[in-house]
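The sequence shown lines up with residues 1112 to 1504 when you count with the numbering used here.
Take a look at the structure below.
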Amino acid sequence: FVAIDCHNELCRLEFNLGKVCCEQKDCKLSEPKMEKSDCDDQGNFYVFIKFAHQGAGDCFRLRGNGHDYGEFKYSQLPIKIGPLKGDCTTAYEFVAIDCHNELCRLEFNVGKVCCEQKDCKFKETEIKTTDCDSNKKFNIIYNFIPFNLSDSFYIKLNGKIIGLKSYKNLPDTIKNLEADCKTNYEFILIDQKTESCRAVFKIGIVCCEHQSNQCKITELKVDPQDCTGPGTYKIKLNFNVVAGTSFSVYDRNKKIGDYSISQLPISIDSIQKSNSNHDLLKVCLNDIDNCCKAIEYIAPNCLNGDGGIFQLSKLKIYPSQDGIKLHANFSFPTDFKLRIFDIQGKELNGGIEKISSNELLFKNSCINSGVYIVQYYSNGNYLQEKLHYINSK
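What follows is the structure, encoded as structure tokens:
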């Protein structure tokens, strides 16, 4: 500062105060506390937020994950934020900023939240098709017990919604469907409130049997056999007919092959397991138009919980008339080796014959009854076990 006399400018006085800093009040936000609500039916949740504040203004802003949740009074704490999506992916982060001092802030996070949908099910499902009427049309009758579902559901037939039904009116019927031997029927039940709650039914191709006495397929039987690989298995097929020389076999999606009736019963390798609870095979006579019959059956589980991996511990060994058979959970690997010794330690000679991808035969028709030591080798692993062999010849 300079003080100067009004009539004599040379009469003056200079003095200084120096630099002065006016610091703002000590503002502090701390001790964040957060509570999550339960998830609702749509997979959303809420979060309740509160924290301590000292020397702050009268309000704060809340932001997070690129979103501004708004301005709140400190007196409103705790505050409720939401609904937020519990998608198991978004890591929720928040920052509270004082309205008058942006340096006064508090960061905290909730992290990822998973909202699992309620366990909704179409339990104890039952489905059957009726016989064809005179116009070669049939009906589908279905029933189930709803669990954790709403009050109604949609029916989607081959990709097209055909109606909204009430769970109270079960069992229900889908009527007047064309049995044209080419339409692959599939219908889906979808809960009207939660679309992820659904049940899929694959009917497959339906043919109306020819009304001739010659078209008579009876006692159709499918006997599932051993697995031949991940998701594939072997079957035995047999049935009785009045007439005809050959027939074709189909699953739900495609033709498997043509066979002679004189070959019955037949074995078919590598049947592909479907995604349905039951697999389906259909037999059609080639000599008589529209003469078909289908059967549903429970297919073997060809995964065995092993993820498709060959395991020595899963091997089964048993005597046969031609030697010793080995059955595996999956196809034998190329490096698999087998050695068999008698109780004195002498190795047996014999060749290995491949019966199927997961079944081998150690050929030696001169094995005497007794105890043998069997050794397996595969992928650096080794297993040994005893075999009590009884020669039945």
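We put the beta carbon where it would ideally sit given N, CA and C, even for glycine.
{"query": "Range covered by the beta strand (DSSP E) that runs through A1207", "result": "D1198 to D1209"}
{"query": "Beta-bridge pairing of C1338 - partner residues as DSSP gives them", "result": "Y1344"}
{"query": "First and last residue of the uninterrupted beta strand (DSSP E) at L1288", "result": "D1283 to E1289"}
{"query": "Closest residue to D1302 among F1264, K1327, K1465 and K1313 (Cα-Cα distance)", "result": "F1264"}
{"query": "Beta-bridge pairing of Y1488 - partner residues as DSSP gives them", "result": "K1448 and Y1493"}
{"query": "Proximity below 8 angstroms, CB of F1459 to CB of N1475", "result": "According to the sequence provided, residue 1459 is Leu. The question's Phe does not apply to it. Yes, the Cβ-Cβ distance between L1459 and N1475 is below 8 angstroms."}
{"query": "C-beta contact flag for E1297 and V1317 at 8 angstroms", "result": "no"}
{"query": "Contact under 8 angstroms by Cβ, C1170 with F1183", "result": "yes"}
{"query": "Euclidean distance between Cα positions of P1194 and L1173", "result": "15 angstroms"}
{"query": "Alpha carbon of S1148 to alpha carbon of E1204, nearest angstrom", "result": "16 angstroms"}
{"query": "Local conformation of T1478 per DSSP, three classes", "result": "Per the sequence shown, the amino acid found at residue 1478 is Ile instead of Thr. Looking at I1478 - three-state DSSP - the assignment turns out to be coil, as it is neither helix nor strand."}
{"query": "Residues that L1195 bridges to, as DSSP identifies them", "result": "F1156"}
{"query": "Segment contact, 8 angstroms Cβ cut-off, at least three pairs: the region 1343-1356 with the region 1395-1402", "result": "yes"}
{"query": "Unbroken beta strand (DSSP E) run spanning G1315, endpoints", "result": "R1309 to C1318"}
{"query": "From N1269, E1235 and C1292, residue whose alpha carbon lies closest to that of P1282", "result": "E1235"}
{"query": "For T1240: DSSP bridge partner residues", "result": "I1251"}
{"query": "D1417 versus H1438: straight-line alpha-carbon distance, rounded", "result": "Note that D1417 has pLDDT 44, beneath the 50 cutoff, so the model's placement of it is unreliable and the number below is only indicative. When rounded, the distance between both Cα atoms is 15 angstroms."}
{"query": "Same chain, Cβ closer than 7 angstroms to Q1322, neighbours up to 5 away in sequence not counted", "result": "Since pLDDT at Q1322 reaches only 43, below the 50 mark, its modelled position is unreliable, and no value is offered."}
{"query": "Beta-carbon proximity check, K1232 vs S1261, cutoff 8 angstroms", "result": "no"}
{"query": "Where S1277 sits in the DSSP three-state scheme", "result": "strand"}
{"query": "heavy atom of the ligand FMN below 7 angstroms from N1351 C-beta", "result": "With respect to small molecules bound, the structure shown includes none, and the ligand FMN cannot be examined in it."}
{"query": "Within 8 angstroms, strictly: CB atoms of L1375 and N1349", "result": "yes"}
{"query": "Buried or exposed by the 16-neighbour rule on C-beta atoms within 10 Å, applied to F1443", "result": "buried"}
{"query": "Cα-Cα separation between A1202 and C1226, rounded to whole angstroms", "result": "13 angstroms"}
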